[in-house]
Each structure stands twice: as structure tokens, then as C-alpha cells.
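S.K.: Protein chains in written order, with my numbering: chain U, 45 to 364; chain L, 5 to 321. Every residue, glycine too, gets a C-beta built ideally from N, C-alpha and C. Take a look at this one; I'll ask things after.
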Amino acid sequence: MARVERLLNLVAALIDTTTPLTAEQIRIRVPGYPNAESGQSDAAFHRAFERDKESLREVGIPIETVEVHHFEQPRAAYTIIRDSYELPDLGLELDELAALHLAATMIQAEGLDPEDLEEGLRKLGGLASTAAASAAPVGAVPMPPQLLTLFACTLERRVASFEYEGAPRQVQPYRLEYRRGHWYMTGFDLDREAQRSFRLDRLTGQVDSGAADSYAVPDVIEGVLLRQWEIGTGEITLARVLVDSEIAPAVLAEDPDLRVAETRPDGSLVLELDVRNPGGLRSFMMNFLDRAEILSPEEFRQDLVTWLSSFVSTQAERPA
Amino acid sequence: MSRITAPDRVQRILAVIPWIVQNPGTPLTEIAERFGLRKEDLRKDLELVFYGVGLYPFTPDVLVEVSFENDCVTVNLAEYFHRPVRLTHEEALTLLAGGRAVLGRDGSDPEGVLRSAVQKLSAVLGEGEVSAVEVALGPADPGILQVLQQAAEANSVLALSYFSYGRDQATDREVDPYSVLSREGHWYLLAYCHLMDAERLFRVDRVQKAQLTGDSFEPPDSISQVGATLSGTSRSVELMGPESISWVADAYPYDVFEQNPDGTVRLVLPVTATPWLERLLLRLDPSTVATDGLSGESLNRVRSAAAQRILNRYLPT
Numbered sequence: 045m046a047r048v049e050r051l052l053n054l055v056a057a058l059i060d061t062t063t064p065l066t067a068e069q070i071r072i073r074v075p076g077y078p079n080a081e082s083g084q085s086d087a088a089f090h091r092a093f094e095r096d097k098e099s100l101r102e103v104g105i106p107i108e109t110v111e112v113h114h115f116e117q118p119r120a121a122y123t124i125i126r127d128s129y130e131l132p133d134l135g136l137e138l139d140e141l142a143a144l145h146l147a148a149t150m151i152q153a154e155g156l157d158p159e160d161l162e163e164g165l166r167k168l169g170g171l172a173s174t175a176a177a178s179a180a181p182v183g184a185v186p187m188p189p190q191l192l193t194l195f196a197c198t199l200e201r202r203v204a205s206f207e208y209e210g211a212p213r214q215v216q217p218y219r220l221e222y223r224r225g226h227w228y229m230t231g232f233d234l235d236r237e238a239q240r241s242f243r244l245d246r247l248t249g250q251v252d253s254g255a256a257d258s259y260a261v262p263d264v265i266e267g268v269l270l271r272q273w274e275i276g277t278g279e280i281t282l283a284r285v286l287v288d289s290e291i292a293p294a295v296l297a298e299d300p301d302l303r304v305a306e307t308r309p310d311g312s313l314v315l316e317l318d319v320r321n322p323g324g325l326r327s328f329m330m331n332f333l334d335r336a337e338i339l340s341p342e343e344f345r346q347d348l349v350t351w352l353s354s355f356v357s358t359q360a361e362r363p364a
Numbered sequence: 005m006s007r008i009t010a011p012d013r014v015q016r017i018l019a020v021i022p023w024i025v026q027n028p029g030t031p032l033t034e035i036a037e038r039f040g041l042r043k044e045d046l047r048k049d050l051e052l053v054f055y056g057v058g059l060y061p062f063t064p065d066v067l068v069e070v071s072f073e074n075d076c077v078t079v080n081l082a083e084y085f086h087r088p089v090r091l092t093h094e095e096a097l098t099l100l101a102g103g104r105a106v107l108g109r110d111g112s113d114p115e116g117v118l119r120s121a122v123q124k125l126s127a128v129l130g131e132g133e134v135s136a137v138e139v140a141l142g143p144a145d146p147g148i149l150q151v152l153q154q155a156a157e158a159n160s161v162l163a164l165s166y167f168s169y170g171r172d173q174a175t176d177r178e179v180d181p182y183s184v185l186s187r188e189g190h191w192y193l194l195a196y197c198h199l200m201d202a203e204r205l206f207r208v209d210r211v212q213k214a215q216l217t218g219d220s221f222e223p224p225d226s227i228s229q230v231g232a233t234l235s236g237t238s239r240s241v242e243l244m245g246p247e248s249i250s251w252v253a254d255a256y257p258y259d260v261f262e263q264n265p266d267g268t269v270r271l272v273l274p275v276t277a278t279p280w281l282e283r284l285l286l287r288l289d290p291s292t293v294a295t296d297g298l299s300g301e302s303l304n305r306v307r308s309a310a311a312q313r314i315l316n317r318y319l320p321t
């Protein structure tokens, strides 16, 4: 109980002060610290103060350390800057708060403490949704520690340094996307001087972040490419692919943005694909076995025939 | 008081006080309800602030003043606690990701209330024009997803037309829908399948049609989610091939993954159904040797037959 009061008084003192306070000044102004009058040592005070500072920083209270020079020797002093402490008023209406509450409850953020959600909502004005109280999460989304660091980098425009597939990378993160069960970060790769996407579970070690506001994010960015035939730097070749009616609904449900050039009377579809990577197209076609066909161009048809023939001839060489 | 650490309690008090300052005279019960707190805990928090918090030298003008009048609370002079603390990254991420995940589904926010809430949150976080976080829970036809969710809530039996990708065929069946959930970026329906006489997980993007039969079912006391699998698996395949086939271990669950000193790879993984196996084998380097995990029999014939079937489309005889 006493510690709660001491912590609150410490926060109040650090917000209220116009000049940063040294540890000794804090010991005088904030009641509840071990003091000399009751025979408690300086060391006990410093231990208690260090622990308080750390605890408050852990719950998100931005205590700044600065060096002051008005003593014989420079000393560390502490303050809380109002602008970094105070959450601006979002101006949320009660129904907006409730909608946000319900939405966040639908997600099970794996790796985060459920208290984070409640604490965040209290800061925004309360746990407004009664529906949310009884709602079960419908979607599980992993939130590993690296994601949090990259999230902070993205919001604060800090360069992120990490190891990816065995090589060090320095990236200006633009966006984080959770798709098909994986987190991806898209950003500008400073070493390769190009936009790249990274799958977070392939990052090894920790992510280091650089100084804030060190770059600008373009107005429009292309997200991560998951269509295997689009991944690559080659020229785009337009391919037309026929998809049989039996599988057409499943193909479109999986990727609703596919370009349909034609729907035939039997329900089959002709898709137009922008192919940069013919190997990726071949792999995509194998998903459908004999229920789809590359219509054009001829070179892609031929490529597929050559690939498939290699399996058939292997068989021929080894009589059963 | 429940077991709460001092820093957590400080965090809670700092979140609630600013709201009470701005909404003087609110009944204690209402505040407790709004912030998801027990009334006794809230009262203790406020008393603690009243008796113990202020500024050096703690003259009356710098103390926090809390008054309870007819159980209505007013807090004065807490100038330093006028605004809540900024959101931590954890808090911001969980709120923003949740909002974006729900907005990513068509028709999930008909009034646009959530959209404007997320916009306000985004502005305060300094997100800018490009959204920093996008969450896709999975591809699905919004109409079908809605039918499935409503049927699961109302315990209504469904007639499904389901395309089994593994078996490469569409079948009609009746199911008792238990719940709809998103895992690893795909929507699933957990249901009791009358055709298989067992609990099954169905990929929602492969449900081609879903209609209420008009019957209802009695939900079971417990649902064995663990027991439900995408389809019964008893077979396995052993693959030996060049390093280029290692992507398989990234894409599918496997039992064995070994890399030999010469770079070649050995993989053993479960097989859901023959068409699934065919699709896999035809994507691997032709030098890959595939054998049945149990019998050790070569699967070359399965592979070449599948290749021939596709070739027939391209090379009409």
C-alpha cells in the first residue's frame, strides 16, 4: 500500500517539476523513502528509488534521465515530460469505444498479457462494450517480442537492424502485415537500396532500433507479395489460365482479387495473371492438377509440358 | 484487494483518475462498471489518492481532493493527473491489430463506427497515411462466414457443399456447427460432420454453399478441438532430394527433417490424401525420390501418373 502511494507521489513530483530533480531532491519531496532520520542508509534509499524508476518505466511511464550541471559535479536528474506522458484526447464516442473493445476482444493476441487490452481501454475511457465481456476470441494472432519492437520502429520511424537468413540487415520499416498465418514486415532495405519484405519468423536474434524520425514513409506502398508468380524482378508477362468450374469458387475465395477475364457458360474461369516468375506460375498450377490449364503464352505452356514430361520419362527409364 | 502488484495498481489509478476529474459527480457504481473494476477496489484506490497523494510540501492546496457525495465522486486539484498515460506499445498493438483484423472482413462494420474509432486511434499513434499494421484473419466469402457464425450461435444444422482440397472433390454433407475460428491465417468451421460421424475442421474458403436445414442440434458439453483434424491422417511420405526441396519443411508439418553433409535433404511428413501428395511431388525437383513412409514402396508411379493426367490436357492424343 505504502509503495503505491510513494509511486504515485513520485509520478506527480516528476510531472509537476519545471527543472529535473536529482535523487536527493526526490528523497526530500516524495514521502515514503528510507530516510536518515529513522536510521536508514543512503544505499537503501538508492535501491528503493532505482526499483521504483524501473517499475514505472515498465508500465509505460516515460521517466527521462538528464544530466544537470549546477552542482560541483554533473549529476543525474529526472523528470517526466508532459508531452511524452499525456495521451491526447482521441475524442472517442462511447459507441466507438465499444466497437474498438469488441474488435480487440475478438483477437487472441498470443504472447501479450490480456491485461494490456484492458489497461489500454481504461486509458481511452473505459471498457465500454458489454457484448465484449461475453465474446469469445475468434482469431488467434501470434504477437512475438520482435513484432513489438518492429511496431515501435514503424510508428516512430526508426531504422531496424536485425539478422535475416544469416546476413545483417538495416531496414526502414513501412508496414507490418499478418497474412496466411505469418507476420511480414515491408520496408526499405538500406543495404540493398530497394523495398523488401521479411517474414518475421525468419529473423534471428533481437531487433535493434535506431533514432526516431529518421526517414519518411512513401504515401503508397505495395504490401507483401504472396502470389508466387509475382515474386521476382523479371519483366511482366501476361498469362491466361483456365480454371475448371469445380474448383473455381475455392480459387476465388482464397484470393478474391484475382483478375477474371472471362466466365464461361460451364462455370469455368479464365484468369489473367501478371507473371514475373514462371517457376512460381508452374508451382501455382500444380495446386490444381488436371483441373486447370495455361492457355497462353505458348512458352509457359511448353515450360509446363517439359517439367511434367521429366516425371514421366523418369518412370520410363526404370521399368516397374 | 485482489493480488495486484503496486506498479499495476498505479497504472490503473493513473488511467481512471483523469476520467473522474473530467466527469465530476459520476456515481461510484457507474465508474466501477465502466472501468471493469470492483466497487470496493475503486473506493480504496480513491481513498488512497485522497489521503496519500500530493505535492511537496503537502499543504492543502497541492493535495488531491476527493469527495463522495451520495456515492457520487468528484476529484479536484489533480492537475498533474489530468490526462491518462500514453498507450504502451503492447496496448497500442493489441487495439490496433484487433480493429484492423475486424475491419479487414467485408460487412463487419456496417455503421462505420469501428472505422472511425480506428482512425482516431491511428491519428494519436502517429501512424500517417500508410497503415503500420494490417491483419488478415483469412480469406472467406463474407456471406458464407456470416451464415456459419449465425448457425453456430443458434445451434442450427447446416447443409454444406464442401470442396475437399486434399481429396480434390466436392461433397454435400450435413454438419452441426460448433464454432468459427481463425487459425494461422485461415478461417475454419469446427463442426460435427454427419457424413464422417466425427468432429472435423472445415476451411471456410472451401465451403461452396451453406444452408440451414431447419433442424437444430444439442451442443455437446465439451468439444474436443484437439481431436478434430483437417482429415484423417495415417499415411506418411519420405522424401530424399536436393537442398531445393527444403521449403517443404517450411510449408507443411513434418515428422523428420535431416540435412546430409552433401546438402541433400531427407524429410518425412504426413499425407492427408493422394491428390495432396500428387500436388506436392509435382512441385519438387524431378530427382527427388519419394517413398511410402510405411511400406517403403516407391511413389514414382503415383507421380508419373499424375503428371501424365495433366499432360493429357496439353498434348491431346
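What in chain U is Cβ-close to S135/L, meaning under 8 Å?
M.R.: The contacting residues are R219.
S.K.: Can you tell me the Cβ-Cβ gap for N331/U and G278/U, rounded? I've got them flagged as a contact below 8 Å.
M.R.: Actually they are not in contact, since the Cβ atoms of N331/U and G278/U sit about 22 Å apart, beyond 8 Å.
S.K.: Using three-state DSSP, classify V241/L as helix, strand or coil.
M.R.: strand
S.K.: On a CA-only basis, which of Q190/U, S289/U, L247/U, R95/U is nearest Q173/L? Give me that one, please.
M.R.: S289/U
S.K.: Taking only runs of the beta strand (DSSP E) that begin and end inside the stretch 112-148 of chain U, which ones reach a length of at least 3 residues, in chain order?
M.R.: Runs of the beta strand (DSSP E) inside the stretch 112-148 of chain U: 119-124.
S.K.: Here's the rule I'm using: 16 or more other beta-carbon atoms within 10 Å means buried, otherwise exposed. How should H86/L be labelled?
M.R.: exposed
S.K.: Where does E44/L fall in DSSP's three states?
M.R.: helix
S.K.: Please check if any C-beta of chain L sits within less than 8 Å of the C-beta of P293/U.
M.R.: Chain L, which has a Cβ nearer than 8 Å to the Cβ of P293/U, makes this yes.
S.K.: In chain U, which residues lie with their C-beta within 8 Å of the C-beta of T98/L?
M.R.: A148, I151, A153, L156, D160, L161, G164, M187
S.K.: Where does F53/L fall in DSSP's three states?
M.R.: At residue 53/L the sequence reads Val, which differs from the Phe that was named. In this structure, V53/L counts as helix in the three-state DSSP scheme.
S.K.: Can you pull the chain L residues whose beta carbon is under 8 Å from the beta carbon of R303/U, in chain order?
M.R.: In chain order: nothing, as chain L lies at least about 16 Å away.
S.K.: Could you check whether the Cβ of E49/U sits closer than 7 Å to any heavy atom belonging to the ligand GDP?
M.R.: Because no ligand of any kind appears in the structure shown, any question about the ligand GDP cannot be addressed here.
S.K.: Exposed or buried, what is G183/U when buried is set at 16 or more other beta-carbons lying within 10 Å of its beta-carbon?
M.R.: Answer is buried; the Cβ neighbour count reaches 16.
S.K.: Which residue or residues does DSSP assign as beta-bridge partners of H226/U?
M.R.: Answer is R223/U, bridged to H226/U.
S.K.: Could you work out which residues of chain U lie near F206/L, taking near to mean beta carbons separated by less than 7 Å?
M.R.: Going along chain U, no residue has its Cβ under 7 Å from F206/L, so there is no contact; the nearest lies around 12 Å.
S.K.: Taking Cβ to Cβ, would you say R219/U is nearer than 8 Å to A136/L?
M.R.: yes
S.K.: Just checking: is the beta-carbon of R345/U within a distance shorter than 8 Å of some beta-carbon in chain L?
M.R.: yes
S.K.: Under a Cβ-count criterion, where at least 16 other Cβ atoms within 10 Å of its own Cβ denotes burial, should E138/L be classed as buried or exposed?
M.R.: buried
S.K.: Just to confirm, is the Cβ distance from L152/L to A214/L under 8 Å?
M.R.: With contacts defined by Cβ atoms closer than 8 Å, L152/L and A214/L form a contacting pair.
S.K.: Using three-state DSSP, classify A19/L as helix, strand or coil.
M.R.: helix
S.K.: So, at 7 Å on beta carbons, what are the nonlocal neighbours of P22/L in its own chain, with the 5 sequence-adjacent residues on each side left out?
M.R.: F85, H86, R87, P88
S.K.: Report yes if the CB atom of V122/L is closer than 8 Å to the CB atom of L134/U, and no otherwise.
M.R.: no
S.K.: Looking at C-beta atoms only, is the number of pairs between the stretch 57-70 of chain L and the stretch 89-99 of chain U that lie closer than 8 Å three or more?
M.R.: no
S.K.: Does DSSP put T277/U in a helix, in a strand, or in coil?
M.R.: coil
S.K.: Over the uninterrupted alpha helix (DSSP H) stretch that includes Y318/L, give me the two end residues.
M.R.: 304-318
S.K.: Taking Cβ-Cβ distances shorter than 7 Å, what residues in chain U pair up with E188/L?
M.R.: G225
S.K.: Pull up the distance between the alpha-carbon of Q154/L and that of L99/L, whole angstroms please.
M.R.: The C-alpha of Q154/L lies about 25 Å from the C-alpha of L99/L.
S.K.: Helix, strand or coil, according to DSSP, for G231/L in the structure here?
M.R.: Legend: pLDDT at G231/L = 42, less than 50; position of this residue unreliable, no value from coordinates given.
S.K.: My output table needs one value for G236/L: the three-state DSSP class, helix, strand or coil.
M.R.: Annotation note: pLDDT 48 at G236/L (below 50); position unreliable, no value reported.
S.K.: Where does R236/U land, buried or exposed, given buried means 16+ other C-beta within 10 angstroms?
M.R.: exposed
S.K.: Output yes or no for whether 8 Å exceeds the beta carbon distance between V55/U and L18/L.
M.R.: Contact: yes.
S.K.: My assumption, with CB atoms under 8 Å, is that L65/U sits in contact with L58/U. Please give the rounded CB distance.
M.R.: 7 Å
S.K.: Is it a yes or a no for the stretch 68-78 of chain L touching the stretch 67-78 of chain U, going by three-plus beta-carbon pairs under 8 Å?
M.R.: Short answer: they don't touch.
S.K.: Sorted by chain position, which residues of the same chain lie with C-beta nearer than 7 Å to A156/L's C-beta, five sequence neighbours on each side aside?
M.R.: Excluding positions up to five away in sequence, the list reads P181, Y182, S183, V184.
S.K.: Does the Cβ-Cβ distance between L46/L and I35/L come in under 8 Å?
M.R.: yes
S.K.: Is the CB-CB distance between S240/L and V275/L below 8 Å?
M.R.: The criterion of a C-beta distance shorter than 8 Å is satisfied by S240/L and V275/L.
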